[in-house]
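This report concerns only the one structure given below.
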Amino acid sequence: MENRLRIKTILMEKPLGRELCVQGWLKSKRDSKGLSFLDLTDGSTLAGLQVIAPESLPNYATEITRLSTGCSVSARGTLVASPAKGQEVELQSSEITVYGWAPPETYPLQKKRHSFEFLRSIAHLRARTNSLGAVARVRSRLSWAIHLFFQQRGFFQVHTPIITTSDCEGAGEMFAVTALDLEKIPRAGGGAVDYSQDFFGRPASLTVSGQLEAEAYALALGNVYTFGPTFRAENSNTSRHLAEFWMLEPEMAFCDLEGDMNLAEELLKFLISDCLENRAEDMDLFSRFVDKDLLKRLDNVLRHDFVRISYSEAIRQLEKSGRSFTFPIAWGVDLQSEHERYLAETLFGRPVIVTDYPETIKPFYMRLNDDGKTVAAMDILFPGIGEIIGGSQREERLEQLLARMEAAHIPLENYQWYLDLRRYGTVPHAGFGLGFERIIQFVTGMGNIRDVIAFPRTPGSAILA
RNA sequence: UCCCCGGUAGCUCAGUCGGUAGAGCAGGUGGCUGUUAACCACCUUGUCGGCGGUUCGAAUCCGUCCCGGGGAGCCA
């Protein structure tokens, strides 16, 4: 295959007069007298390269005139300064090879804007559009930036298992994993499913969190993070939920809640500024066509320290707000969306970290505070999207952990390994979870989470690939 | 899962009081032009989301299911 130059490189370096070859897909074609203008994109960058196809090309009449949006071609020629407005440089082609046609009668993408809803129905083709291509590039950059951030700080990535046999992780409904023939399920006495005949000899599920396993490695390597697919079988039909999504979960030994918050705030700011710096062109597209206030909102996050407020203080602020909320405010009740929005959007107008929630509304692994009523938890609330991070200092004291697990009716026999972490060389540690698609949503301004993942899986929908 | 709104041409949508459908864009043909959301003229396109019901007659009214949007719950 001919050695090609990527369009991003060409537009950056503008090697005028040089003979080169580009390969990509046609965004549009405009015919003129004696020549055609081809708008070529190869995915390396948002902008396309204008290719001039003169009618002197041997295949001009037979092929070039038949080209349409979506066709794939290879173009060889000389890069020249463009005499017309709209682009600095263009490729004066001397040879164009057509790889694949895209019959315009059936090719779903047109030379115009499509609704995200429609594009979702052609998920295998939508990355060829400007906006979804930009999302894909930003997603890739954010993923890389996460690794950069943690690797620079001496964190080790741990690949925690996708399949888990901890049958009660307490983070929602789980997808069962089985090799049993569902038409002939083996039954034990009493009619219960006989899992001893299943692949693992016991019930198994797709993971809803890698946190507990990450804790084990944090208590060996110090600072670790897991970053991978996570599954929830919740019947959640919203623009913020997926059945399969990616979650980042750092876990730090010898770390308390404050250190946890500091890292989370630093991370979020790093990710945002990294995208602004390294995907400026795509970010510009989002700010022009997806969300006009995007850059202002991102800048607002970068400029300010996050507000840090205890749950109890948040309740007091809500009580004296004078607002009438649909859900009543009372100490001990979890904050509702409307409450979180009031705090982050109305009262403070910037990200808010709410800490020290009542222990009754938080999971068993969160560390009990000295007041005996609250736990060392923290939720980061962003204006516009609500909770983006949930984290805590973990309960490292065996006795207290056992008490909370028993109160929550956690089957201890499945968690002996977790308790071992407290029996042997326990240390204070903390961590948090960041929904990867949610940070992509925030950074891009995309309204629906299904449009920031390549092939979204949601209740009733797992189309394609 | 709950509440509200929607599903009509390839796409985005209009369709009044129930009388079996339109526009723009796309596509096709021709013309024009260093064009860039190209332009001008003409032409084509429909199981009106599925199923059932009311009616002489249903895109329109009723029921139900599916899908999508907004909000809520759950959460990341």
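Following this note's numbering, the numbering of the first sequence begins with 7 at its first residue and continues without gaps. Beta carbons are placed, not taken as given, at the ideal position from N, Cα and C, and that holds for glycine.
Of Arg82, Pro64, Tyr66, Cys261, the smallest CA-CA separation from Gly23 is found for Arg82. For Ala133, same chain residues with a beta-carbon under 6 Å away, outside a window of 5 residues either side, are Gly139, Ala142 in chain order. It is roughly 13 Å from the alpha-carbon of Ser137 to the alpha-carbon of Leu115. The beta carbon of Phe181 sits closer than 7 Å to those of Ser211, Leu212, Phe237, Ala239, all from its chain and outside the five residues before and after it, given in chain order.
Under the DSSP assignment, Ile321 falls outside any beta strand (DSSP E), being part of the alpha helix (DSSP H) whose first and last residues are 317-325. Ser318 and Leu407 have their C-alpha atoms some 23 Å from each other.
His435 is a Cβ neighbour of Ala259, given a cutoff of 7 Å.
Two segments are said to touch when three or more pairs of C-beta atoms, one from each, lie closer than 8 Å; by this definition the stretch 396-412 touches the stretch 425-444. Assigned with DSSP and collapsed to three states, Ala413 falls in helix. Non-local C-beta neighbours of Trp337 in its own chain, meaning closer than 6 Å and more than five positions away in sequence, comprise Ile321, ordered along the chain. When DSSP reads this structure, Trp31 sits in a beta bridge with Thr47, Ser78. Residue pairing of Glu25 in beta bridges, as defined by DSSP: Thr84. Judged by pairs of C-beta atoms under 8 Å, the stretch 303-319 touches the stretch 351-367, as three or more such pairs exist. Contact between the stretch 112-130 and the stretch 271-278 is absent: fewer than 3 CB-CB pairs across the two stretches fall below 8 Å. Tyr223: member of the alpha helix (DSSP H) spanning 217-227, first to last residue. Contact annotation: Thr432 and Glu412 have beta-carbon atoms that are not nearer than 7 Å. In the DSSP secondary-structure assignment, Glu393 is bridged to Leu387. Note on the stretch 82-163: whole alpha helix (DSSP H) runs with a minimum of 4 residues are 122-126, 136-158, in chain order.
In the DSSP annotation of this structure, the continuous segment of the beta strand (DSSP E) that includes Ala210 starts and ends at 210-212.
Taken in chain order, the unbroken stretches of alpha helix (DSSP H) that lie wholly in the stretch 428-463 and span 4 residues or more are 442-450. For Ile70 and Tyr105, the gap between their C-alpha atoms comes out near 12 Å. Per DSSP, Leu341 lies in no beta strand (DSSP E) and is assigned neither H nor E. Listed as beta-bridge partners of Pro235 by DSSP are Trp252.
A distance of 7 Å or more separates the beta carbons of Asp48 and Arg72. Here Glu257 carries a strand assignment [DSSP, helix/strand/coil]. Taking a cut-off of 8 Å for Cβ pairs, the stretch 77-97 and the stretch 29-46 touch, as three or more such pairs fall below it. Excluding residues up to 5 positions away in sequence, Leu44, Leu46, Ala81, Leu97, Ser99 lie with their Cβ nearer than 6 Å to the Cβ of Val57 in the same chain. Judged by beta-carbon spacing, Lys275 lies within the 7 Å limit of Leu308, meaning their Cβ atoms are closer than that value.
The Cβ-Cβ distance between Thr75 and Ser42 does not fall below 7 Å. As the crow flies, the alpha-carbon of Leu254 is around 29 Å from that of Arg294. Looking at the backbone, the Cα of Ala53 and that of Arg36 are separated by about 17 Å. A direct Cα-Cα distance of roughly 5 Å separates Trp107 from Cys77.
For Leu308, the enclosing alpha helix (DSSP H) stretches over residues 300-309.
Around the Cβ of Asn241, a 10 Å sphere holds fewer than 16 other Cβ atoms; the residue is exposed. Looking from the CA of Ile102, the closest CA among Ser62, Glu219, Leu374, Asp305 belongs to Ser62. By the Cβ neighbour-count rule, Tyr201 is buried, with 16 or more other Cβ atoms within 10 Å of its own.
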